[in-house]
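Quick mapping for you: the protein sequence lines, in order, are chains A, B, C and D. Each residue of the first sequence is one higher than the one before, counting from 210 in this note's numbering. Each residue of the second sequence is one higher than the one before, counting from 210 in this note's numbering. Each residue of the third sequence is one higher than the one before, counting from 210 in this note's numbering. Each residue of the fourth sequence is one higher than the one before, counting from 210 in this note's numbering.
There are 4 protein chains.
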Amino acid sequence: MDPEWNDSQPIYRQIRDRVVAMILDGLLKEGDPLPSVRNVAADSRVNPLTVLKAYQQLEGDGLVDKKRGLGMFVKSGARDILLRGERQRFLTEQWPEVHATILRLGLAEQLLGSGSGRAAPKEG
Amino acid sequence: MDPEWNDSQPIYRQIRDRVVAMILDGLLKEGDPLPSVRNVAADSRVNPLTVLKAYQQLEGDGLVDKKRGLGMFVKSGARDILLRGERQRFLTEQWPEVHATILRLGLAEQLLGSGSGRAAPKEG
Amino acid sequence: MDPEWNDSQPIYRQIRDRVVAMILDGLLKEGDPLPSVRNVAADSRVNPLTVLKAYQQLEGDGLVDKKRGLGMFVKSGARDILLRGERQRFLTEQWPEVHATILRLGLAEQLLGSGSGRAAPKEG
Amino acid sequence: MDPEWNDSQPIYRQIRDRVVAMILDGLLKEGDPLPSVRNVAADSRVNPLTVLKAYQQLEGDGLVDKKRGLGMFVKSGARDILLRGERQRFLTEQWPEVHATILRLGLAEQLLGSGSGRAAPKEG
DNA sequence: GTGGTCTAGACCACG
DNA sequence: GTGGTCTAGACCACA
Numbered sequence: 210m211d212p213e214w215n216d217s218q219p220i221y222r223q224i225r226d227r228v229v230a231m232i233l234d235g236l237l238k239e240g241d242p243l244p245s246v247r248n249v250a251a252d253s254r255v256n257p258l259t260v261l262k263a264y265q266q267l268e269g270d271g272l273v274d275k276k277r278g279l280g281m282f283v284k285s286g287a288r289d290i291l292l293r294g295e296r297q298r299f300l301t302e303q304w305p306e307v308h309a310t311i312l313r314l315g316l317a318e319q320l321l322g323s324g325s326g327r328a329a330p331k332e333g
Numbered sequence: 210m211d212p213e214w215n216d217s218q219p220i221y222r223q224i225r226d227r228v229v230a231m232i233l234d235g236l237l238k239e240g241d242p243l244p245s246v247r248n249v250a251a252d253s254r255v256n257p258l259t260v261l262k263a264y265q266q267l268e269g270d271g272l273v274d275k276k277r278g279l280g281m282f283v284k285s286g287a288r289d290i291l292l293r294g295e296r297q298r299f300l301t302e303q304w305p306e307v308h309a310t311i312l313r314l315g316l317a318e319q320l321l322g323s324g325s326g327r328a329a330p331k332e333g
Numbered sequence: 210m211d212p213e214w215n216d217s218q219p220i221y222r223q224i225r226d227r228v229v230a231m232i233l234d235g236l237l238k239e240g241d242p243l244p245s246v247r248n249v250a251a252d253s254r255v256n257p258l259t260v261l262k263a264y265q266q267l268e269g270d271g272l273v274d275k276k277r278g279l280g281m282f283v284k285s286g287a288r289d290i291l292l293r294g295e296r297q298r299f300l301t302e303q304w305p306e307v308h309a310t311i312l313r314l315g316l317a318e319q320l321l322g323s324g325s326g327r328a329a330p331k332e333g
Numbered sequence: 210m211d212p213e214w215n216d217s218q219p220i221y222r223q224i225r226d227r228v229v230a231m232i233l234d235g236l237l238k239e240g241d242p243l244p245s246v247r248n249v250a251a252d253s254r255v256n257p258l259t260v261l262k263a264y265q266q267l268e269g270d271g272l273v274d275k276k277r278g279l280g281m282f283v284k285s286g287a288r289d290i291l292l293r294g295e296r297q298r299f300l301t302e303q304w305p306e307v308h309a310t311i312l313r314l315g316l317a318e319q320l321l322g323s324g325s326g327r328a329a330p331k332e333g
């Protein structure tokens, strides 16, 4: 029922990532209010501070607008920023390592197409 | 110049992974000696204790043998153990998340080829 | 288009300050009516309660009079009170920090003229 | 003895500003370690979390480098970044309001030079 | 020794 | 109702 937390990453990071995923998937549209800190905290049985930390990180990323006393709202343009930024980050930081691991473990054929040429694109 | 450390992972983990990679890639064959703690520490400008921790973890994984006064050596069978264990770990823990991210960012075609059926295999 | 709110200060404070500025600048003369809560709220797309809070603060400062059914009016003597009080507050609370910042950033000559002796006056 | 905190700003902000001032004033040189979170917390009788928050903000500003297990260090180039960034921020955000207030309160002659022309420079 | 994460709970300002 | 700040204290990973 209540979400389970991955031990290898701080909870606030996982909350942040969850919101990002919701924006990317269109479950949170631009202008929509984020679920309130208190609600998320109660639902997930987490300390409000932890949720707050995630939200402030989202604000720092420029994905969210604060309206005093009202809550936080998905900024217009947030999805575009995310698509561009996360792609960039993923392709330059995460994928190279993952790709190397796949090759190393001999999983290329199983997970990627038969060739591996397409797997390490330029991120121009 | 000297290798740089990824801030998102402990240094000892990165050293450990580096050795694992060398074993998988055949750069370190079974029976080969690991570079000495001292050397690695000096080359990488890292605290020897940190290197030691990495090596002890490798020992705990059953991948290397300690020979008193001589150093540590890649155990016979190490590569097989690794292939099996790391594959298992990768497919159950790392890949599902990576795969979800790829889909979310619309990178599936670019990185995985057109079909995605092959991308979430059983881990039996 | 509509005025934007500074995130570093509460909205009701900014409304209050705006009225104060109008009084000091002579745009609102003594005896003049303040714009109605309703109008301000509508124009600035702000909750009427927020405007009310600003006005009540002005009343508390002895700058305006409430006349039931008519609205709020700039009190006679308001400008003098302001000049004295705000000067005092500014010189003792705000200016010292601003002045230190100016020196620290090497902006003294640009902003204050060559000498700095005049910059930290007695607030008697 | 122990520093006193300004009530109008969060403590972590004031700690952050204090470090910034020390860098600008040359009390903390590039490469120098920041005083440890625990020390500051003890000296200032503040919760370590509060200090940590300030430090993480400094990290986010790109002023500080983290070395795992060792502490935080003033980044090379920090002072330049600060001079440029803080100047920009001050001239565009803080000074215009302060300057308007000075004029409004009739303090221009006392605080600035006789003329006020130099007081509102372009920030090109 | 260093920083980092989390909790439980209090209290505040804002709308 | 909203977010924000702070505390006291526990516990962890890292070097």
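Glycine is no exception: its CB is placed at the ideal position from the N, C-alpha and C atoms.
Do residue i and residue j have their CB atoms nearer than 8 angstroms?
| i | j | result |
| --- | --- | --- |
| Asp216(A) | Val283(A) | no |
| Leu300(B) | Ile311(B) | no |
| Ile220(A) | Thr259(A) | yes |
| Tyr264(B) | Leu236(B) | no |
| Leu314(D) | Arg227(C) | no |
Taking 8 angstroms as the threshold (beta carbon to beta carbon), is residue i in contact with chain D?
| i | result |
| --- | --- |
| Arg227(C) | no |
| Ile220(B) | yes |
| Arg247(C) | no |
| Gly326(B) | No answer about Gly326(B) holds up, because its pLDDT of 45 lies below 50 and its placement is not dependable. |
Might you give, ordered along the chain, the residues of its own chain that have their beta carbon closer than 7 angstroms to the beta carbon of residue i, omitting 5 neighbours on each side?
| i | result |
| --- | --- |
| Ile290(D) | Gly271, Leu272 |
| Gln223(C) | Trp214, Asn215 |
| Lys275(A) | Glu268, Met281 |
| Val255(A) | Ile220 |
| Ser245(C) | Gly280 |
| Arg288(D) | Ile232, Leu233, Glu239 |
| Pro257(B) | Val246, Arg247, Ala250 |
| Gln303(B) | none |
Examine chain B for any beta-carbon lying closer than 8 angstroms to the beta-carbon of residue i, and answer yes or no.
| i | result |
| --- | --- |
| Glu295(A) | yes |
| Leu316(A) | yes |
| Ala336(A) | Here chain A has residues from 210 to 333 only, and residue 336(A) is not among them. |
| Gly235(A) | no |
| Gly322(A) | yes |
| Leu267(A) | no |
| Thr301(A) | no |
| Thr259(A) | no |
| Ala230(A) | yes |
| Arg277(D) | yes |
Below 6 angstroms CB to CB, which residues in the same chain sit around residue i once its five sequence neighbours on both sides are set aside?
| i | result |
| --- | --- |
| Arg247(B) | none |
| Gly266(B) | The amino acid at residue 266(B) is misidentified as Gly; the sequence shows Gln. So the list reads Arg225, once near-sequence residues are dropped. |
| Ser285(C) | Glu239 |
| Gln218(C) | none |
| Gly278(A) | none |
Using a C-beta cutoff of 8 angstroms, does residue i count as contacting chain C?
| i | result |
| --- | --- |
| Lys284(A) | no |
| Val307(D) | yes |
| Arg313(D) | yes |
| Arg197(A) | Lying outside 210 to 333, the shown extent of chain A, residue 197(A) is not represented and no answer is given. |
| Leu292(D) | yes |
Please confirm whether residue i has its beta-carbon closer than 8 angstroms to some beta-carbon of chain A.
| i | result |
| --- | --- |
| Asp216(C) | yes |
| Met281(B) | no |
Give the C-beta separation of residue i and residue j to the nearest angstrom, bearing in mind that I take them to be a contact with Cβ-Cβ under 8 angstroms.
| i | j | result |
| --- | --- | --- |
| Gly322(D) | Gly294(C) | Contact doesn't hold; Cβ gap of about 26 angstroms is too wide. |
Which same chain residues end up closer than 8 angstroms to residue i when comparing Cβ atoms and leaving out the 5 residues on each side of it in sequence?
| i | result |
| --- | --- |
| Leu261(A) | Val246 |
| Val229(A) | Leu267, Leu272, Leu291, Glu295 |
| Arg298(B) | none |
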